[in-house]
Amino acid sequence: MADLRLAENLSRLGTETAFEVLARAAALAAEGKDIINLGIGQPDFKTPEHIVEAAVKALRDGHHGYTPANGIPALREAVAADILLRRKVAVDPADILIVPGGKVTMFFAILMFGEPGAEIIYPNPGFPIYESVIRYSGAKGVPMRLREENGFAFDADEVLAQITPATRLLIVNSPANPTGGVTPKAEIDKLVAGLDRHPHVAVMSDEIYGRMTYGGREHVSLLGYESIRDRLILLDGWSKTYAMTGWRLGYGVWPKSIVRQAERLAVNCHSCVSTAAQFAGIAALNGPQDAVDRMVAAFDERRRLIVPALNQLPGFRCVDPGGAFYAFPNIEGTGMTARDLQKRMLEEAGVATVAGTSFGAQGEGFVRFSYAASAEQISEAIRRIGAVL
Ligand code: PLP
């Protein structure tokens with residue numbers, strides 16, 4: 134019998150429960166149950182046709198080989214042009230690293246700064262992979278608390294007070310998963326000004342939902358702050374904006390001083406991103422943006438449908454999410470834990486959601502609803518949950 138001995142740090146690696154919920158929902162659906170999936174965080178739209186065509190053409194044209202590890206030059210130039218257009222910031226294409234999905238930039242950034250003795254500040258509730266990889270690296274995770282009463286925006290003074298000489302990396306995410314929170318510019322200004330006192334702290338800004346803000350909220354990119362440019366890692370990608378989650382395509386903009394180390398991790402890990410996906414990425418950025426505008430308008434419409442509906446459910450209370458495509462209601466009034474409610478909604482109402490505790494300890498008392506689903510599905514889901522409650 135095999136007697137395998139795994140590395141100790143693997144025992145500290147967490148997971149993303151949304152994928153488990155997806156599997157359970159699929160299993161129930163396979164048994165013939167009618168399941169509405171408000172669990173997984175991905176657009177319910179198809180990738181726009183011209184993007185798909187660009188990938189097909191690339192394959193037909195014989196682009197079957199490796200590309201440079203940091204990405205096709207034309208793709209990195211398209212990313213730089215897009216950043217100049219939307220964020221009004223000039224970026225050297227040499228500082229861009231194309232990776233297989235937004236997740237890879239966070240994995241690399243955390244591994245590059247995390248080790249025993251180091252501290253990393255991360256949003257809680259927040260995307261679960263931050264905490265998971267921080268723990269895996271051996272670093273100490275310091276939760277940045279996001280509060281319902283602040284619309285789940287971070288409090289700059291509170292974050293700055295958490296910085297110690299051991300802090301290596303600060304992770305921010307706005308618009309945020311799982312809360313939909315958008316941190317206002319004044320708070321970001323204050324954070325960046327305060328960082329002047331802490332030049333040893335790098336910042337990773339996860340702006341994967343940057344194109345999705347609603348109700349007059351603006352997305353403020355941390356890349357726009359010159360004073361932290363030499364320690365700012367920008368995480369973005371195509372998954373959410375262009376409905377391309379399965380293509381595995383993302384990018385990081387790295388400080389010039391460390392971009393080659395990030396590229397070295399890429400060479401050691403995946404060599405380069407699928408060539409056809411990179412050609413698709415060029416078409417997405419350089420082509421028409423009306424499909425993106427339509428998707429964002431649809432998300433906004435659904436947000437205006439789901440938030441009041443959630444607020445009418447007994448024991449629910451939901452702040453208005455300013456961005457992304459998530460609602461994160463407080464469910465304490467139901468008397469159930471987040472996990473119990475998630476389970477009952479799936480098993481009894483056939484509605485998949487994700488318990489707030491999947492996003493960190495501070496998520497107890499909340500459940501995440503992804504509203505990247507049709508208006509009919511959302512209305513029916515709320516009706517069924519109401520009946521169960
Ligand atoms: N960052 C956040 C905040 C996310 O919610 C997600 C996906 O859910 C990602 C990054 C990862 O995106 P990708 O699918 O491109 O790896």
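In terms of this note's numbering, the sequence shown is residues 134 to 522.
Glycine included, C-beta positions come from ideal geometry on N, C-alpha and C.
query: Span of the alpha helix (DSSP H), counted from its first residue to its last, around M345; result: M345 -> no alpha helix (DSSP H), and no H or E assigned at all.
query: Beta-bridge partners of S503, as assigned by DSSP; result: Y459
query: Sequence-distant residues of the same chain with beta carbon closer than 8 angstroms to G483, five excluded per side; result: L161, K166, D167, I168, I169, R517
query: Nonlocal neighbours in the same chain, by C-beta distance under 8 angstroms from F334, ignoring five residues either side; result: Note that residue 334 corresponds to Val in the displayed sequence, not to Phe. Answer for V334: I296, T300, R301, L302, L303, L328, R364, listed in chain order.
query: Exposure of D373, with buried meaning 16 or more beta-carbon neighbours within 10 Å; result: The amino acid occupying residue 373 in the given sequence is Lys; Asp does not appear at that position. Buried, since its Cβ has 16 or more Cβ neighbours within 10 Å.
query: S265: CB within 7 angstroms of a non-hydrogen atom of the ligand PLP; result: no
query: Contact set for H183: own chain, Cβ-Cβ below 8 angstroms, skip 5 residues either direction; result: A416, G420, P421
query: Whether F492 touches L443 by CB criterion (8 angstroms); result: no
query: Cutoff 8 angstroms; reference V406; Cβ partners in own chain excluding five residues on either side; result: T200, G204, I231, V232, P233, R381, L382
query: Rounded distance between the beta-carbons of T408 and A191, thought under 8 angstroms; result: 6 angstroms
query: Bridge partners - P276, DSSP secondary structure assignment; result: Y255
query: Cβ-Cβ separation, P441 to F449 (assumed contact under 8 angstroms), whole Å; result: Actually they do not touch by this definition, with Cβ atoms about 11 angstroms apart.
query: Contact set, the ligand PLP heavy atom to C-beta under 6 angstroms; result: G174, G234, G235, K236, F260, N306, N310, D339, I341, G370, S372, T378, G383
query: Through-space distance from I173 to A159, alpha-carbon basis; result: 12 angstroms
query: Separation of D288 from N306, as counted between CA atoms; result: 13 angstroms
query: Short Cβ contact (8 angstroms threshold) for M277 with M337; result: no
query: Beta-carbon separation (whole angstroms), R344 vs V425, contact threshold 8 angstroms; result: 6 angstroms
query: Those runs of the alpha helix (DSSP H) which lie wholly inside the segment 392 to 459 and span at least 4 residues; result: 392 to 402, 408 to 419, 423 to 445
query: Stretch pair the segment 353 to 368 + the segment 211 to 230: three plus CB contacts closer than 8 angstroms; result: yes
query: Local Cβ density within 10 Å of R209, reported as buried at 16 or more and exposed below that; result: buried
query: Residues sharing a beta bridge with M337, DSSP; result: I304, I366
query: A485 (DSSP reduced to helix, strand or coil); result: strand
query: Other residues of its chain near L418: CB distance less than 6 angstroms, five sequence neighbours each side excluded; result: A211, D215
query: Inter-residue CB distance, A508 and L438 (contact presumed, cutoff 8 angstroms); result: 6 angstroms
query: Same chain only: Cβ atoms within 7 angstroms of A514, ignoring 5 sequence neighbours per side; result: I169, L171, V484
query: Span of the alpha helix (DSSP H) around I518; result: 508 to 521
query: The beta strand (DSSP E) enclosing V222, as first and last residue numbers; result: Careful: V222 lies outside any beta strand (DSSP E) and carries neither H nor E.
query: Beta-carbon spacing of G496, P256 below 8 angstroms; result: no
query: Buried versus exposed call for V400 [16 or more other C-beta atoms within 10 Å across all chains shown]; result: exposed
query: Distance, Q175 Cα to V487 Cα; result: 13 angstroms
query: Distance, L368 Cα to H331 Cα; result: 22 angstroms
query: Opposing strand residues paired with V232 [DSSP bridges]; result: G383
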